[in-house]
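Encoded as structure tokens, the structure appears first; notes follow it.
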Amino acid sequence: MKRSLRVYLKLFYVTFWLSAVTFGGGYVIVSFMRKKFTDELGWIPEDEMLNLVAIAQSSPGPVAVNASILVGYRVAGIPGACITVLGSVLPPLILLSVISLFYDAFRQNIVVGAVLKGMQAGVAAVIADVVCSLGGKFFRGRQWFSVLIMCAAFVASYFFSVNVLWIILACGCIGGIQVWINMRRAGKGGSV
Amino acid sequence: MTFLDLFWSFFQVGLFSIGGGMAAMPLIQHQVVELHGWLTLTEFTDLVTIAEMTPGPIAVNAATFVGTRIAGLPGALIATAGCVLPSCIIVSLLAFLYFRFRSLTVVQGVLNGLRPAVVALIASAGCTILLLALFGEGGIAGGMEAFNPVAAVLFCTALIILRRFRFNPVFVMLGCGVVGGAIYLLIP
Chain A
0 MKRSLRVYLK LFYVTFWLSA VTFGGGYVIV SFMRKKFTDE LGWIPEDEML NLVAIAQSSP
60 GPVAVNASIL VGYRVAGIPG ACITVLGSVL PPLILLSVIS LFYDAFRQNI VVGAVLKGMQ
120 AGVAAVIADV VCSLGGKFFR GRQWFSVLIM CAAFVASYFF SVNVLWIILA CGCIGGIQVW
180 INMRRAGKGG SV
Chain B
0 MTFLDLFWSF FQVGLFSIGG GMAAMPLIQH QVVELHGWLT LTEFTDLVTI AEMTPGPIAV
60 NAATFVGTRI AGLPGALIAT AGCVLPSCII VSLLAFLYFR FRSLTVVQGV LNGLRPAVVA
120 LIASAGCTIL LLALFGEGGI AGGMEAFNPV AAVLFCTALI ILRRFRFNPV FVMLGCGVVG
180 GAIYLLIP
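If you read the protein sequences in the order shown, they are chains A and B. According to numbering that gives the first Met the number 0, the first sequence is numbered sequentially starting from 0. According to numbering that gives the first Met the number 0, the second sequence is numbered sequentially starting from 0.
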């Protein structure tokens, strides 16, 4: 582990700028992090970086924040993690507080109102596109069990307004139980 | 009390959104629109639009936006802290376990169950936003008089452009804003 003021400053500087200039969500920023920390700085080996990304995606919370915690932790321990969280959260915090301060004045403007109304359809299309890409994978891979979970969760959420938290907890448990059954089968020497 | 509500709401968003990106959206909608009524559905959709066009995770953007509107800068700081805290605790714990044991089988299993559910929840929130775009705040109850054909055409065109040509979503949204905005201004 590297613990010096120079390393701390570098960690903050890199995560702050990555967070400030990368549009397009967690996966984009994660690939930029790999480029910076593995290729340019050489602080984290390639295969380890991939595992860190896997953990970042499997943990709750924003992927970009999770990835920066892991990178900070790997490079400089807990203080490193604190610094990288601060670095990656500050840019959106500053930007969005400025935007929300002007939101009301902004929204009442007729032109802005019309443009935002036009954008509603665009946002719906972007979400539909994400759903098609993510959901299509289960159909193409013939993962019928996943398709079943997906349909059941949609019906529960959209038509019966079941609390989102319960749906997530239930489906997480189903996944956990599935692994447990598979592991037991494998342990008894059955088919894997 | 407001501060506690803000913190606790976004703590839950941070704790239960798994899979990044849009995964947090249905949770934010549940907490902010349905449970506490901090934002109307239109304001929430604006927030998703703004969050998509600015850098940073949607959950952090939402926490800052809602926090500032409800309780100023302290509100923004508290909501953001609430949203990031579960990550800090759980990821540090997982990182510690990983560097010690290097095994993630069970975590991967839980994820296999969660992925389809997350897709379904995003679809569900997307339907709500689509209905808002097509029928306005009244929803489908408004009937055919409330139906907005301009939004329907914009939605279909944008979806085709996204699926077939893989355009950057930010430009597609901006395009919808410019074209839709011009039509709405010319034909009130």
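For glycine and all other residues, C-beta sits at the position ideal for the given N, C-alpha and C.
Item, Value
"For A:Gly71 versus A:Gly79, is the C-beta distance shorter than 7 Å?", "yes"
"So who's on the other strand from A:Pro59, going by DSSP bridges?", "B:Ile17"
"Where does B:Met143 sit, in a helix, a strand or coil, going by DSSP?", "helix"
"Please confirm whether A:Asp46 has its beta-carbon closer than 7 Å to some beta-carbon of chain B.", "no"
"For the region 70-84 of chain A, which residues have a CB atom closer than 9 Å to at least one CB atom of chain B, in sequence order?", "Tyr72, Arg73, Ile77, Ala80, Cys81, Val84"
"Determine whether the beta carbon atoms of A:Ile148 and B:Pro115 lie at a separation below 7 Å.", "yes"
"Between B:Cys175 and B:Leu153, is the Cβ-Cβ spacing less than 7 Å?", "yes"
"Distance check for B:Ala122 and A:Trp143, CA to CA, integer angstroms please.", "18 Å"
"Residues in the region 103-120 of chain A with C-beta within 9 Å of chain B's C-beta atoms, listed in sequence order?", "Asp103, Arg106, Ile109, Val110, Val111, Gly112, Ala113, Val114, Leu115, Lys116, Gly117, Met118, Gln119, Ala120"
"Measuring straight from C-alpha to C-alpha, what distance separates B:Glu144 and A:Met182?", "57 Å"
"Short of 6 Å in beta carbon distance, which residues of its chain neighbour A:Trp16, apart from the five on each side in sequence? Order them along the chain.", "none"
"Measure the alpha-carbon distance for A:Val122 versus B:Thr44 and round it to whole angstroms.", "8 Å"
"With respect to the alpha helix (DSSP H) encompassing B:Arg165, which residues constitute its N-terminal and C-terminal limits?", "B:Arg165 -> no alpha helix (DSSP H), and no H or E assigned at all."
"How far does the alpha helix (DSSP H) with A:Val129 in it extend, from its first residue to its last?", "109-139"
"Comparing C-alpha positions only, which one of B:Phe15, B:Leu76, B:Val90 sits nearest to A:Leu168?", "B:Phe15"
"Strictly below 7 Å CB to CB, what residues from chain B border A:Val129?", "Met21, Ile121"
"Give me, in chain order, the residues of the same chain whose beta-carbon lies closer than 6 Å to that of B:Val149; leave out the 5 immediate sequence neighbours on both sides.", "Ile182"
"What is the residue span of the alpha helix (DSSP H) that A:Lys9 lies within?", "4-20"
"Would you call A:Phe137 buried or exposed, if buried means 16 or more other Cβ atoms sit within 10 Å of its Cβ?", "buried"
"With a threshold of 7 Å between beta-carbons, can A:Met149 be considered close to chain B, or not?", "yes"
"Report yes if the CB atom of B:Val59 is closer than 7 Å to the CB atom of A:Val88, and no otherwise.", "yes"
"Taking Cβ to Cβ, would you say A:Ile34 is nearer than 7 Å to A:Val13?", "First, the amino acid is wrong: residue 34 of chain A is Lys here, not Ile. Not closer than 7 Å, so no."
"Regarding A:Phe137 and the ligand ADP, is the C-beta to nearest heavy atom distance less than 6 Å?", "The ligand ADP is absent from the structure shown, which contains no ligand whatsoever."
"Let me know if B:Ile159 comes out buried or exposed under the rule of 16 or more other beta-carbons within 10 Å of its beta-carbon.", "exposed"
"Taking C-beta to C-beta, are B:Thr53 and A:Leu92 nearer than 7 Å?", "no"
"With 16 as the cutoff for other CB atoms within 10 Å, does A:Leu8 come out buried or exposed?", "exposed"
"Establish whether the CB of B:Phe2 and some CB of chain A are separated by less than 7 Å.", "no"
"Report yes or no: do the region 60-78 of chain B and the region 38-51 of chain A share at least 3 C-beta pairs separated by less than 8 Å?", "no"
"For chain A, check one thing: does any of its Cβ atoms lie closer than 7 Å to the Cβ of B:His35?", "no"
"Taking only three categories from DSSP, how would you classify A:Asn50?", "helix"
"Please list the residues of the region 27-43 of chain A that have a C-beta atom closer than 8 Å to any C-beta atom in chain B, keeping them in chain order.", "none"
"Can you tell me where the alpha helix (DSSP H) with A:Met149 in it begins and where it stops?", "143-153"
"Give the residues of chain A in contact with B:Glu51, contact being defined as C-beta atoms less than 8 Å apart.", "Val122, Val125"
"The alpha helix (DSSP H) spanning B:Leu46 covers which residue range?", "40-52"
"What residue range is occupied by the uninterrupted alpha helix (DSSP H) comprising B:Ile186?", "Per DSSP, B:Ile186 belongs to no alpha helix (DSSP H) and is neither H nor E."
"Once you ignore the five residues that flank A:Ile54 on each side, which residues in its own chain have a CB closer than 8 Å to its CB?", "Asn65, Leu69"
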